[in-house]
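Notes follow once the structure below has been shown.
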Amino acid sequence: MNPLNNMIVSSLQLFPKSIVKRFALRYIAGEHVEDAVRLVRSLNAGRIMATVDVLGENVSDKSDAEKSSSAAREVLKVIAENKLDANLSIKLTQFGLNIDKDFCYSNVKPVMDLAKSYGNFVRIDMEDSGTTSTTLGIYEKFRADGYDNTGVVIQAYMRRSESDVRRLIDMKASVRLCKGIYIEPEDIAFKKREEIRQNYILLLNMLLEGGCKVGIATHDDYLIRSAYDAIARLNVQRNNFEFQMLLGVRSDLRDRIVADGHRLRIYVPFGEQWYAYSMRRFKENPQVAGYVLKSVLFGQ
Ligand SMILES: Cc1cc2nc3c(=O)[nH]c(=O)nc-3n(C[C@H](O)[C@H](O)[C@H](O)COP(=O)(O)OP(=O)(O)OC[C@H]3O[C@@H](n4cnc5c(N)ncnc54)[C@H](O)[C@@H]3O)c2cc1C
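Residue numbers (this note's numbering): 1029 to 1328.
Right under this line is the structure:
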């Protein structure tokens, strides 16, 4: 991550939340499920699919984790009622992963069941390295228990990802491949931009050659070009891959991918817990310094 961005974002944390929210709204649909419905509907009108995420993470109280489970089921219900072209993304620490992994599994299970009854799909996001093994373990347990309507995420910056991908290929997993957003130590994670890109390309080729369904989640032109090349070279069927992008990031690229005839899904987060997610997005935004200065100097 860019050190200037880190500095600017650290100073943002001193601002009142009402000001930070003004910037955050670029990356989230709003605070309520109706906001997400409105946004997904407009994406769908432009032939873009969505994955909806109820914001929140690192829950330490069982009753909060249970509330996350109800909120996720509410989203699935709303998607079905409104006939939206959208699935659900969840973070396991929001469902109690850090409390107890068996509790977490049983708290996610009703979500998987409901998704299955609607013919919908649940993507399990990947969080920091302290949760990688347990997250993959819970994903693998769902698959072993017959839930084929779920997929997981692999982070290209993690050194372990190549061996994780080998296991996922054996299971014909549905995998979203991203670079990874959490700050991890060098002994377990690649740190240099080029190393992360090269590992991304390696893992992408492994997954496509291995016959996995792949969500190619990146806004990096270089990786998108490499993905186009790999898809053409391997003659990958249209339904076996999709591009995925975050709400509020690079709409120019989004339009180009759709115009090229590819499937594209946008990650649409909403909810009251927008702060931590937005801070991560700010750190990745090369223009964040400009936005903040403009707002401070001109009140825009
Ligand atoms: C659909 C989706 C789901 C994801 N799920 C996870 C997950 O489960 N776990 C996880 O660790 N990470 C996840 N990520 C985040 C991912 O790991 C990266 O941190 C993020 O996508 C930025 O990496 P990049 O590949 O876009 O490359 P970058 O090199 O970071 O970005 C490429 C270009 O995109 C633009 N850009 C990137 N970010 C922003 C921004 N915030 N604001 C404005 N412009 C920006 C810039 O022009 C930049 O030069 C997800 C990303 C996507 C797209």
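Built from N, CA and C at the ideal position, the CB exists for glycine as well.
As the structure is a computational prediction, the values presented were derived from the model and not from experiment.
Taking the CA atoms as reference points, Leu-1116 sits about 6 angstroms from Asp-1081.
Secondary structure of Ala-1304 (DSSP, three-state): helix. Counting along the chain, Leu-1125 sits inside no alpha helix (DSSP H), nor does DSSP assign it H or E at all. For Met-1199, there is no enclosing alpha helix (DSSP H), as DSSP marks it with neither H nor E.
Exclusion of the five residues before and after Asn-1177 leaves Ala-1143, Lys-1144 and Phe-1149 as the residues of its chain whose Cβ lies within less than 6 angstroms of its Cβ.
For Ser-1117, the secondary structure class from DSSP, reduced to helix, strand or coil, is strand. Only buried fits Tyr-1305, as 16 or more other CB atoms lie within 10 angstroms of its CB.
Within 7 angstroms of the C-beta of Ile-1209 there is at least one heavy atom belonging to ligand 1. Taking the CA atoms as reference points, Leu-1104 sits about 37 angstroms from Arg-1221. Rounded to the nearest angstrom, the gap between the Cα atoms of Asp-1130 and Phe-1310 is 34 angstroms. Looking at the DSSP output, Val-1037 sits in no beta bridge, so it has no partner there. In summary, Ala-1073 is exposed, with fewer than 16 beta-carbon neighbours lying within 10 Å of its beta-carbon over all protein chains present.
About 20 angstroms separates the beta carbons of Thr-1160 and Tyr-1295, which is beyond the 8 angstroms limit, so they are not a contact pair.
In the structure shown, the three-state DSSP call for Glu-1059 is coil. Annotation for Cys-1206 indicates a beta carbon within 7 angstroms of some heavy atom of ligand 1. Taken from the Cβ of Arg-1188, every heavy atom of ligand 1 lies 7 angstroms or farther away. One Cα belongs to Ile-1036, the other to Asp-1173, and the distance between them is close to 46 angstroms. Secondary structure of Ala-1217 (DSSP, three-state): strand.
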